[in-house]
Amino acid sequence: MPLAREESSPLFAGTAAGTLRLIFYLALAMVLMVLDHRNGWLWRLRYATAIVVEPVYRLASLPADGMHAMSVAFADRRMLTEENQRLREDLLLANAKLNRMSAVAQQNERLKELLDTQRSLELHVQMARVIGVDLGAYRYRMMINVGARDGVKAGQPVIDAHGVMGQVINVLPTSSMVMLVTDPDHALPVMIERTGLRTIAYGSRSGEQLTLPMIPMAADVRPGDKLLTSGLGGRFPEGFPVGEIRSVGPGQAGTFLEARAQPSADLDRTDEVLLLHDLAEPAGPPPPANPAGPPADEAPAPATSATVPRVTLPAASSSAVKPASAQAARVPQP
């Protein structure tokens, strides 16, 4: 079977024609190199060709560029989302710290006011912290963190930096219950600072104001008058702020004026209070007198080293003295 003849011949065949073709191409290459070196023709040709070929390159690299752009976009979005979340958490933490610092600053300010009040008073006071509030039906009381182990006793006045808050009514080993001045069961002797009029301030059922129901009709009482403790009763020392009168009008019976006052103390906002320890002696009836005894001239004289003559009383006198002595013996000793 005959072999198929090759239709295409090599570019540089091993014949004389191939050798001449090679020499021609070499000479053409040398000429082009010299012309390109001297005149830059080929550079211009390459520049013009690049303008035509560049869109083809861009079109060929378009899928790769698109994938790269999508990956960068997703990575940037994820990074931005994470950074946004981190910044949001940092902002919340910063706001929480700022609020905490504001609360601590307010607490420090209240403590400073209490310390200033403690230094300005010539009384023995004790600081306590409010740990609970009892706002039941017509009950306005609070619990503090000091009790019998800390020397607290029932009846001690409780104040803050602005005025009287109430008094201790129940003492436990480590805590105490305080009745606020706005409790309906609380009564406080007060006086009006401007006129010196004395009256009694009661708590109200609303728990926000004080009621003064027994003011004489002819009394000079105006809104804005300051109320101070009068010291009567010996429970609250004299001169502590109690409140400020807000309104005055006729009472329900029509025989007295009735006033409403706003307490001076921060009853619903304070966290630290002061307990007064130096209390005045409670006012009350005088102590009973010593029982009557025999006359001083008939009382036996104390024994001394000197000899005292014995006095012999008559029978009638002796009988008169005995009943008196017996009656004096029956009188109970104080």
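Each residue of the sequence shown is one higher than the last, beginning at 1 in the UniProt record's numbering. Cβ atoms here follow ideal geometry from the backbone N, Cα and C, with glycine treated the same way.
Between residue i and residue j, is the Cβ-Cβ spacing less than 8 Å?
i    : j    : result
A261 : A201 : yes
L275 : V130 : no
L188 : V133 : no
V164 : A259 : no
T174 : R149 : yes
R194 : P223 : no
L168 : G155 : Residue 168 is actually Val in this sequence, not Leu. Their beta carbons are under 8 Å apart, which means V168 touches G155 by this criterion.
L42  : D36  : yes
L180 : M143 : no
F240 : L228 : yes
I215 : L257 : yes
S176 : R198 : no
G166 : V178 : yes
G203 : H186 : yes
Kindly indicate which residue of the options has the alpha-carbon position closest to the one of residue i.
i    : options                : result
G234 : W43, Q106, H277        : H277
D225 : P237, V190, R58, P173  : V190
V146 : V273, F24, A16, F236   : V273
Q126 : E54, K153, G239        : K153
P250 : D271, T211, L172       : T211
T255 : E244, P213, E238, R269 : P213
V248 : P237, F236, D220       : D220
Please report the residue range of the beta strand (DSSP E) in which residue i lies.
i    : result
V31  : Element bounds for V31: not the beta strand (DSSP E) but the alpha helix (DSSP H), 16 to 39.
K226 : 226 to 229
A201 : 198 to 203
S175 : It is not in any beta strand (DSSP E) - S175 carries neither H nor E in the DSSP assignment.
P157 : 157 to 159
E272 : 272 to 276
Q126 : 125 to 134
A187 : 187 to 192
R269 : Element bounds for R269: n/a, residue is neither H nor E.
R141 : 141 to 144
Check the DSSP bridge columns for residue i and list the partner residues they point to.
i    : result
L257 : I215, P250
Q262 : E244
G166 : V158, L180
L59  : None; L59 has no bridge partner.
L210 : G203, A261
Cβ-heavy atom distance between residue i and the ligand FAD below 7 Å?
i    : result
A265 : No copy of the ligand FAD occurs in the structure displayed, which carries no ligand at all.
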